[in-house]
Amino acid sequence: MDIMIADWGTDHWYETDGYFNQQQGPWRSVAGRSLQTSWQRPEDVPSDPVAFAHAAAAYKSMNATDPKAIWLYQGWIWRGWGSDKLPFMKGFVSAVPPKH
2 MDIMIADWGT DHWYETDGYF NQQQGPWRSV AGRSLQTSWQ RPEDVPSDPV AFAHAAAAYK
62 SMNATDPKAI WLYQGWIWRG WGSDKLPFMK GFVSAVPPKH
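Add 1 to the 1-based position in the sequence shown for the numbering used here, that's all there is to it.
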């Protein structure tokens with residue numbers, strides 16, 4: 002990122018796909034994870050710790066180079082998800098500070 006910023010500057014917006022780009026996402030492996038799908042409120046959905054750890058590491062690397070980093074994530078990976086994937090989505094999204 003340092004080289005990219007030196008060459009082109011920055012508006013502090015970054016896009017990264019992690020291992021979702023052309024790979025099998027971690028939500029496919031649900032062994033040992035809750036498959037409950039009927040939560041009454043958003044706050045009742047548990048946060049998947051694997052998803053949280055992955056997203057936290059990705060954001061930490063961006064933030065280490067640019068403390069004003071804003072992570073733009075392509076929404077197509079969430080397309081077609083059922084409620085059984087909500088813990089993964091919540092873990093992933095909650096790992097990034099609000100407004101980043």
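Note that the Cβ used here is the ideal one computed from N, Cα and C, for glycine as well.
Per DSSP, the continuous alpha helix (DSSP H) segment holding Y60 begins and ends at 50-66. Taking the C-beta atoms as reference points, M90 is found no nearer than 8 Å to W77. Check the Cα spacing between I6 and each of S48, P50, T66: the tightest is with T66. The DSSP-derived three-state label of W14 is strand. V46 is a Cβ neighbour of P88, given a cutoff of 8 Å. Taking a C-beta distance under 8 Å as the contact criterion, S48 and G83 do not qualify as a contact pair. Here the alpha carbons of P68 and G10 stand approximately 14 Å from one another.
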